Amino acid sequence: MFDRALITHALERLQQASRELGETENRQLLGSAQFVTATPAGRLLRAHMSPVVGGDGPHHARVGGLSITGFVLVLEDVTSSNERHARRDALIQSLIEGGRGPLGSIRAAAEMLSEVADMPVPQRDRFLRVVHDEAAKLSAQFESAASAFSNDLRERWLLEEMRGAEVLVVAARRIGERRADERRALAVKTENVDEDLWLRVDGYGLFQALRYLALRLQDEYQVREVRLSLTRSAQLAQLDLSWLGTFMNNETAMSWLQDPMSTAGDSSPLSVTDIVERCNGDIWFQRERVSHRAFFRTMLPIAEAPTDLPRAIVAAAEGERPEFYDFDLFSWSAASHELDDRLLTELAYTVFDTETTGLQPSQGDEIIQIGATRIVNRRLLRHECFDQLINPQCRLSPQSIEVHGITRELLVGQPTIDVVLPKFHAFCADTVLVGHNAAFDMRFLQLKEKQTGVRFEQPVLDTLLLSAALHSNQPTHRLEAIAERLGVSVFGRHTALGDAMVTGEVFLKMLPLLAEMGIRTLRQAREASRQTFHARLKY
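Add 696 to the 1-based position in the sequence shown for the working numbering, that's all there is to it.
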């Protein structure tokens, strides 16, 4: 299936990486090599090759100072993705090349019209026709490009399972957001919500469609309040966007559903019908003259409610620490709530992580390292760090040493937790805490309150929960997976400071994405985190 030379080349790249790292470096930093190859059938495959390190057999290959017992290949079919990118690049190129001629003609005609004030009428009409005809060409090119781009967008859509009640909560928030044109926000109410319904939808697209329809009602019919409801109708879910008073005719309603969505500074090449059909649903306009109520009714398939997984399965699926401990991330002090309405971009943060002797804080596991850095004015201050090993005064399990590489010898002579924690508390003063799977770390800190006399009462944000709010359709929210999605380089994993640095970079990448979802303040970030599926799991 593969040319032997490709495997050899990948091994050589790993060998070079090993030489650059040195034999004393953590072997987990060795990473993987990647290459792309074509199958006999013409499919493109991206291969990720990771070495299996260990052993000293005579037949084992060596990479730098490490012995390779084998390697793991992870294959990804990138044919469709590659074709989409090629179409996109060709589309951009065609717009550039195709637009130069018409734009040049329009500019030349406009210059002649502006420079020759007493131009004869026939000649002026000729230049005006040039402007009209070339503008029509440009319009046709852009319409064609928008159509082609919308097809690619449909191919990329992912459907996600969402509780119906949450769909209405998020939709109401999106509709009621401050408008780009500074007009008064629309009032939104929810009613008749079936709490047991689950939907499988393109969440972002559906929220965008409902906001588009609501804002057009406000703009064109001066509607001041809309209502959202969700009920069961036979085997389907019935989602209504309704309002009182003003009616429109069916032709107008149909054009709203079929036209590309563009209102209040937001635009999309997709129509409401495109999005609803992608969700395997149907939408139409209806009115009830007796009640003076009109509505857009969307019928959507009902999804099965996900079953709770045992704790061990969830932890294994994540491949990292168990996600949920007996610590309430949302129980903030009264002083912390004073920051609720501050913009996320205005706050100062301490991004932190811990390394521990194990995964059970309530059963005697201890913190052996704390690492932290600061974010101020949306910048990660790498030179302002807290990095301290801690003597746990207990044995370290071999399993934990394999993860973090911290041995008993490294901890001899290091300060104990009752010395380190007050210093860390001072480092965090007047900042919001940020962590990945932060409940894990905060539970360790909480259990040390009585011993150290230190209590952390700052607001806490968790990048795991924020990722679930941003990308709820993704199968995993491990730190490495989020970093890859957001284009953040991963380094120094399983050192407290290294993980804190990566978490900080990830958090900064999240801020503009959260703003696009209308999550701009600390209060909104807390509520979005609280509503995620991960935050609701109970064990």
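The beta carbon of each residue, even a glycine, is placed where N, CA and C say it ideally should be. All values reported here derive from a predicted model rather than from experimental measurement.
From 1131, 1133, 1141, 1101, pick the residue whose C-alpha is nearest to that of residue 1119; which is it? Locating residue 1119 in the sequence shown gives position 423, where the first residue counts as 1. When only C-alpha atoms are compared, the closest one is 1141.
Classify residue 666: buried if its beta carbon has 16 or more other beta carbons within 10 angstroms, exposed otherwise. Any question about residue 666 goes unanswered here, given that the chain covers just 697 to 1235.
Could you check where the beta strand (DSSP E) with residue 650 kicks off and where it finishes? This structure cannot settle anything about residue 650, because the visible part of the chain is limited to 697 through 1235.
Which residues share a DSSP beta bridge with residue 857? Taking the sequence shown and counting its residues from 1, the one referred to as residue 857 is at position 161. Per DSSP, 896.
Short Cβ contact (7 Å threshold) for residue 887 with residue 928: Along the sequence shown, read from residue 1 onward, the residue named residue 887 stands at position 191. Along the sequence shown, read from residue 1 onward, the residue named residue 928 stands at position 232. It is not a contact, given that the beta carbons lie outside the stated cut-off.
In terms of residues, what are the limits of the alpha helix (DSSP H) holding residue 1055? Taking the first residue of the sequence shown as 1, we reach residue 1055 at position 359. Residue 1055 -> no alpha helix (DSSP H), and no H or E assigned at all.
Simplified DSSP assignment, three categories, for residue 988: Here residue 988 refers to the residue found at position 292 of the sequence shown. DSSP places residue 988 in coil when its eight states are reduced to three.
Any chain D beta carbon closer than 7 Å to residue 882: Among the chains in the structure shown there is no chain D, since it carries only a single protein chain.
By the 10 Å Cβ neighbour count, where 16 or more other Cβ atoms means buried, how is residue 1167 classified, buried or exposed? As a working mapping, residue 1167 is identified with position 471 in the sequence shown. Looking at its Cβ environment, which holds 16 or more other Cβ atoms inside 10 Å, residue 1167 is buried.
Between the alpha carbons of residue 1043 and residue 951, how many angstroms are there, rounded? Reading the sequence shown from its first residue, position 347 is the one you call residue 1043. Reading the sequence shown from its first residue, position 255 is the one you call residue 951. Cα-Cα distance, rounded: 44 Å.
Does DSSP put residue 1033 in a helix, a strand or coil? If you number the sequence shown from 1, residue 1033 lands on position 337. Three-state result, residue 1033: helix.
Restricting to Cα atoms, I'd like to know which of 1161, 983, 975 is closest to residue 998. Within the sequence shown, the letter at position 302 stands for residue 998. Measuring from the Cα of residue 998, the nearest candidate turns out to be 975.
Using DSSP bridges, identify the partner residues of residue 1156. Position 460 of the sequence shown, counted from the start, is the residue given in the question as residue 1156. DSSP, once it has assigned bridges, lists 1129 as partnering residue 1156.
Comparing alpha-carbon positions, which option in 794, 1183, 828 lies nearest residue 806? Within the sequence shown, the letter at position 110 stands for residue 806. Ranking 794, 1183, 828 by Cα distance to residue 806 puts 828 first.
Expressed to the nearest angstrom, what Euclidean distance is found between the alpha-carbon atoms of residue 788 and residue 841? Stepping through the sequence shown from its first residue, residue 788 is reached at position 92. Stepping through the sequence shown from its first residue, residue 841 is reached at position 145. Rounded to whole angstroms, residue 788 to residue 841 spans 9 Å at the Cα level.
On the DSSP bridge assignment, give the partners of residue 748 in chain order. Counting from 1 along the sequence shown, the entry for residue 748 is found at position 52. For residue 748, which the question treats as bridged, DSSP gives the partners 766.
Please state if the CB of residue 798 and the CB of residue 834 are separated by a distance shorter than 7 Å. Position 138 of the sequence shown, counting from 1, holds the residue named residue 834. Position 102 of the sequence shown, counting from 1, holds the residue named residue 798. Yes, the pair counts as a contact, with Cβ atoms nearer than the cut-off.
Anticipated Cβ contact below 8 Å, residue 1214 with residue 869, distance rounded: Numbered from 1 along the sequence shown, position 518 holds the residue referred to as residue 1214. Numbered from 1 along the sequence shown, position 173 holds the residue referred to as residue 869. At roughly 6 Å, the Cβ-Cβ gap stays under 8 Å, so residue 1214 and residue 869 are in contact.
By DSSP, does residue 1086 sit in helix, in strand, or in coil? Within the sequence shown, numbered from 1, the residue matching residue 1086 stands at position 390. Residue 1086 falls in the coil class under three-state DSSP.
Starting from residue 1144, follow the alpha helix (DSSP H) in both directions and report where the run begins and ends. The residue given as residue 1144 occupies position 448 in the sequence shown. No alpha helix (DSSP H) contains residue 1144, which DSSP labels as neither H nor E.
Compare the C-alpha of residue 891 against each of 912, 1198, 871, 865 and name the closest. Counting from 1 along the sequence shown, the entry for residue 891 is found at position 195. Selected option, being the one with the closest Cα: 865.
Residue 1146 burial status per 10 Å Cβ neighbour count (16 or more: buried): By 1-based counting over the sequence shown, the position of residue 1146 is 450. Exposed, because fewer than 16 other Cβ atoms sit within 10 Å of the Cβ of residue 1146.
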